[in-house]
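S.K.:
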Amino acid sequence: MIISPVPTIIANLPNPHSSSHDSNLRRVIISLLHKNRKNPKHVQSIHCHAIKTRTSQDPFVAFELLRVYCKVNYIDHAIKLFRCTQNPNVYLYTSLIDGFVSFGSYTDAINLFCQMVRKHVLADNYAVTAMLKACVLQRALGSGKEVHGLVLKSGLGLDRSIALKLVELYGKCGVLEDARKMFDGMPERDVVACTVMIGSCFDCGMVEEAIEVFNEMGTRDTVCWTMVIDGLVRNGEFNRGLEVFREMQVKGVEPNEVTFVCVLSACAQLGALELGRWIHAYMRKCGVEVNRFVAGALINMYSRCGDIDEAQALFDGVRVKDVSTYNSMIGGLALHGKSIEAVELFSEMLKERVRPNGITFVGVLNACSHGGLVDLGGEIFESMEMIHGIEPEVEHYGCMVDILGRVGRLEEAFDFIGRMGVEADDKMLCSLLSACKIHKNIGMGEKVAKLLSEHYRIDSGSFIMLSNFYASLGRWSYAAEVREKMEKGGIIKEPGCSSIEVNNAIHEFFSGDLRHPERKRIYKKLEELNYLTKFEGYLPATEVALHDIDDEQKELALAVHSERLAICYGLVSTEAYTTLRVGKNLRICDDCHAMIKLIAKITRRKIVVRDRNRFHHFENGECSCKDYW
DNA sequence: TTAGGGTTAG
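Heads up: take any position in the first sequence, counting from 1, add 765, and you land on my numbering.
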């Protein structure tokens, strides 16, 4: 522990050698700690003085010191203080458990609670609540259940805070029945308890159950409404989340900054730029404080909705940037194919001494992958553990596989999977398979396809990738087999869907969609563009329309891909030269990519398409991804 | 004399 010089703040302390009473000294020290609780150096000096005056063993002083150290994130000092205390009492244990929790060391918190029980220090409600907090964050269902049993046996009684934490724990761990049982057993189910229960339902994906609890509530405050919006958005019900936000406004419930963060997330995921802009303006009007969450949400919304310049302007305006602010911006730049800028921002972040976390590396490595920066990507990956002490997780390995695969270093990517020490996931195999397809390496593709088809967890996107791979080789029977397996497994192909925002409304199109009221004008425009693009040299690449049908039919299937319909609607419903912004749920196909480049050239429009992986900015016959995605 | 509420991006 560093001993700092005694500052003037303790010059007026009672003299330890005088006859002043201990209680007086204790009171003064505690009061000093309160006054200086935000200044770690002063706290250390006070601690030194407490040691000298032998007050540091006083349970009340030790308790305050420990709490203050935890508050300023000096967890090492807190641990040392705890270890130096003879027979720490339940208060001391609880504060250190709480300290571990706020520091993110959940396992340490859980272990310390167990140690306390082993040492026969009787747990009280506060200690149990702190322990359960750690269990919730660590998703430690087993330990949580043990504590639940301990509480029942000890006769402590199910204190309200304990019951609330148990509802949360069971929800977060996916055992909604147990959460419900706890909730139903609570004598007082007020707005807070209901909010926790709603959160638990959403955590388990039980959207309608959550809404039912919400609808049965008497008074509903801002936090509760926000929980519902957040839950809907987390469960992919973005439009419904926005509807609840409108309803909340109609009912006159004031949104807070958390509400806005959730609403902005819905806009980001819908690609609803105009609505996002409106919300931003509304927030300014309400004087919402732009804290780090709000800043991150705004940067994320603008970049995900295609306006990377606005995201950058916002980022530049944030005075104190933390890791999440940088993460939002680096992720945004990567999404837009601005690879160099993303890597430069990463360097700037390190220079500013902001410590990166695992998410930062997903962003930077993604940027390297989109920009074909193989060597740099490799170096950054190596630095994760060596320099930054961050153990790579499966998504980081996935980025590396993607980086190597995209540039055609397929063997290396395959070996990498074998060496990496974590199990390959289906996304990683899919990315490699896609690389095999692009680089036309059939042998390697078959090896990967075999691994992928044997994978225990494979989603609809991976099935389609596999089926498309076989179809691209003309192996229709294999492709059909994959589709059959998919059907048997009850997995439904996610249909391609594109959306475009015109006059604050989101218009959605499926492939060959005929539902839109403007369908006549849309299809007329499409026909016109098909004609004009052929003059520009466009030849439909029939291999991507992967059904066992003849070429003419394939051409037809391609021609009505959802993104083309959305673009045509944009063209007929907006002023000349207006930028079109389209969102697509799946990856854009080669054929549409080639076609949209020409549409942008012919119509002199900027067309921004967000697909599942990234943004494509089409302008004057070219795309920002340089045909590399 | 020592303390704990429910909602926040990637």
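All C-beta atoms in this analysis are idealised placements derived from N, C-alpha and C, irrespective of residue type, glycine included.
Predicted model, so just to flag it, every value in this text is computed and none were measured.
Helix, strand or coil: how does DSSP classify Arg999 here?
M.R.: Helix at Arg999.
S.K.: Could you tell me which uninterrupted alpha helix (DSSP H) segments, each at least 4 residues in length, are contained entirely in the segment 1126-1175, listed from first to last along the chain?
M.R.: Qualifying alpha helix (DSSP H) stretches, in chain order: 1139-1151, 1159-1171.
S.K.: Leu1029: which of Pro1020, Ile1044, Glu1019, Val1015 sits nearest, CA to CA?
M.R.: Per the Cα distances, Ile1044.
S.K.: List in chain order: all unbroken alpha helix (DSSP H) runs of 4+ residues lying wholly within the segment 1024-1076.
M.R.: Counting only runs of 4 or more, we get 1038-1051, 1057-1069.
S.K.: Check Glu1301 in the structure and name its three-state DSSP category.
M.R.: Glu1301: coil per DSSP, three-state reduction.
S.K.: Is the beta carbon of Ala843 sitting closer than 7 angstroms to the one on Tyr871?
M.R.: No.
S.K.: Alpha carbon to alpha carbon, how far is Gly1142 from Ser1134?
M.R.: Gly1142 and Ser1134: Cα-Cα distance of roughly 7 angstroms.
S.K.: Give every residue of the same chain whose Cβ lies closer than 7 angstroms to the Cβ of Thr850, excluding the five residues on either side of it in the sequence, and list them in chain order.
M.R.: If we look at Thr850 and ignore the five residues flanking it on each side, its Cβ neighbours are Gln822, Ala827, Leu857.
S.K.: With distances taken from CA atoms, which of Cys1388, Val1373, Lys1192, Ser1389 is nearest Asp1072?
M.R.: Of Cys1388, Val1373, Lys1192, Ser1389, the residue nearest in Cα terms is Val1373.
S.K.: Anyone know if the C-beta pair for Asn890 and Asp924 falls short of 7 angstroms?
M.R.: Their beta carbons are under 7 angstroms apart, which means Asn890 touches Asp924 by this criterion.
S.K.: Okay, do the segment 1344-1357 and the segment 1284-1294 touch, 3+ Cβ pairs below 8 angstroms being the bar?
M.R.: Result no; under three Cβ-Cβ pairs closer than 8 angstroms.
S.K.: Using a Cβ-Cβ cutoff of less than 7 angstroms, which residues in the same chain neighbour Glu1384 once the five nearest sequence positions on both sides are dropped?
M.R.: Hits under 7 angstroms: Ala1365, Lys1371.
S.K.: Whole angstroms is fine: what's the gap from Arg1375's alpha carbon to Gln1077's?
M.R.: Between Arg1375 and Gln1077, the C-alpha separation is close to 18 angstroms.
S.K.: Can you round the beta-carbon distance between Gly1261 and Gly1036 to whole angstroms, since I take them to be within the 8 angstroms contact cut?
M.R.: With a Cβ gap of about 15 angstroms, Gly1261 and Gly1036 do not count as contacting.
S.K.: Per the contact definition of three or more C-beta pairs closer than 8 angstroms, is the segment 1213-1224 in contact with the segment 1187-1203?
M.R.: Counting Cβ pairs under 8 angstroms, three or more are found: they touch.
S.K.: With distances taken from CA atoms, which of Phe967, Ile1207, Val1055, Val961 is nearest Gly939?
M.R.: Measuring from the Cα of Gly939, the nearest candidate turns out to be Phe967.
S.K.: Report the residue ranges of all alpha helix (DSSP H) runs contained in full by the segment 1213-1240; include only those spanning at least 4 residues, in chain order.
M.R.: List check, alpha helix (DSSP H) in window: 1225-1237.
S.K.: By the 10 Å Cβ neighbour count, where 16 or more other Cβ atoms means buried, how is Ala1310 classified, buried or exposed?
M.R.: Note that Ala1310 has pLDDT 47, beneath the 50 cutoff, so the model's placement of it is unreliable and no number is given.
S.K.: Mapping the DSSP letters down to three states, classify Cys1354 as helix, strand or coil.
M.R.: Cys1354: coil per DSSP, three-state reduction.
S.K.: Which residue marks the beginning of the alpha helix (DSSP H) containing Cys1201, and which one marks its end?
M.R.: Element bounds for Cys1201: 1191-1203.
S.K.: Mapping the DSSP letters down to three states, classify Ile1271 as helix, strand or coil.
M.R.: In the structure shown, Ile1271 sits in a strand (DSSP, three-state: E or B).
S.K.: Tell whether a beta-carbon distance below 7 angstroms holds between Asn1064 and Ser1104.
M.R.: A quick correction: the sequence has Ile, not Asn, at residue 1064. Not in contact: Ile1064 and Ser1104 (Cβ atoms no closer than 7 angstroms).
S.K.: Taking the alpha carbon of Asn1004 as the reference point, which residue from Leu1040, Met982, Val1018, Leu1194 has its own alpha carbon closest?
M.R.: Minimum Cα distance to Asn1004 is reached at Leu1040.
S.K.: Using three-state DSSP, classify Ala1310 as helix, strand or coil.
M.R.: Reliability fails at Ala1310, whose pLDDT of 47 lies under 50, so the model's placement of it is uncertain and the value that follows must be treated cautiously. DSSP places Ala1310 in coil when its eight states are reduced to three.
S.K.: Please state if the CB of Met947 and the CB of Ala975 are separated by a distance shorter than 7 angstroms.
M.R.: It is not a contact, given that the beta carbons lie outside the stated cut-off.
S.K.: Just reading off the beta strand (DSSP E) that Leu1345 is part of, what are its end residues?
M.R.: Per DSSP, Leu1345 belongs to the beta strand (DSSP E) from 1345-1349.
S.K.: Would you tell me roughly how many angstroms separate the C-alpha atoms of Asn1000 and Val972, rounded to the nearest one?
M.R.: The alpha-carbon atoms of Asn1000 and Val972 are separated by roughly 8 angstroms.
S.K.: Using only CA atoms, which one of Asn1131, Gly970, Gly1006 lies nearest to Asn1378?
M.R.: If we check each option's Cα against that of Asn1378, Asn1131 comes out closest.
S.K.: Might you give, ordered along the chain, the residues of its own chain that have their beta carbon closer than 6 angstroms to the beta carbon of Leu1098, omitting 5 neighbours on each side?
M.R.: Contacts found: Glu1106, Ala1107.
S.K.: Looking at the secondary structure, which residues open and close the beta strand (DSSP E) in which Glu1384 lies?
M.R.: Its beta strand (DSSP E) spans residues 1380-1384.
S.K.: How would you call Ala1341, buried or exposed, if buried means at least 16 neighbouring beta carbons within 10 angstroms?
M.R.: Exposed.
S.K.: Strictly by DSSP, which residues pair up with Ser1263?
M.R.: Phe1274, Lys1349.
S.K.: If you reduce the DSSP assignment to three classes, tell me which class Glu1387 lands in.
M.R.: Note: Glu1387 maps to strand in three-state DSSP.
S.K.: Straight-line CA distance for Tyr834 to Leu941?
M.R.: Going from the Cα of Tyr834 to the Cα of Leu941 covers about 37 angstroms.
S.K.: Less than 8 angstroms between C-beta atoms, sequence neighbours within five positions excluded: which residues of the same chain meet that for Thr1125?
M.R.: Excluding sequence neighbours, Thr1125 sits near Val1088, Tyr1091, Asn1092, Ile1095, Phe1111, Met1114.
S.K.: Taking the beta carbon of Gly714 as the centre, do at least 16 other beta carbons fall within 10 Å, making it buried, or is it exposed?
M.R.: Residue 714 lies beyond the stretch modelled for the chain, which goes from 766 to 1394, so this question has no answer here.
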